[in-house]
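Here the sequence shown stands for residues 27 to 99, where the numbers follow my numbering.
Notes follow the structure.
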Amino acid sequence: MTSPTHPRGIAPDERKPTVRQIYALAAALAERLGEEFPVTAADASALIERLRTESGHPAPRLEDSPRRRRRER
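Shown next as structure tokens:
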């Protein structure tokens, strides 16, 4: 059985999550962990780094990573 497709050829169930869905997921996970949802970008970065460190994530810390160059518009 084939699934109906969007006019642009993307099946509705195969689209990437929306920004709204990502925020809802993050808020639900923060609540589950007993963490307060971050209010600022700095708070979010600190929380992400702490949670990654606590879980043993192998990625380097943000300040240890090379800065990506911004694309010119």
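From the three backbone atoms N, C-alpha and C, an ideal C-beta is built for every residue, glycine too.
Contacts around residue i, its chain only, beta-carbon distance under 6 Å, and the 5 residues preceding and following it disregarded
{"i": "Pro64", "result": "Ala70, Leu73"}
Element boundaries [alpha helix (DSSP H), containing residue i]
{"i": "Thr79", "result": "67-80"}
{"i": "Ala54", "result": "45-59"}
Cα-Cα separation between residue i and residue j, rounded to whole angstroms
{"i": "Gly35", "j": "Ala52", "result": "29 Å"}
{"i": "Gly56", "j": "His83", "result": "First, the residue type needs correcting, since residue 56 is Ala and not Gly in the sequence shown. Their backbone Cα atoms lie some 18 Å apart in a straight line."}
{"i": "Pro38", "j": "Val45", "result": "16 Å"}
{"i": "Leu59", "j": "Arg95", "result": "34 Å"}
{"i": "Leu77", "j": "Pro43", "result": "22 Å"}
{"i": "Ile48", "j": "Arg41", "result": "13 Å"}
Contact set for residue i: own chain, Cβ-Cβ below 8 Å, skip 5 residues either direction
{"i": "Glu62", "result": "Ala56"}
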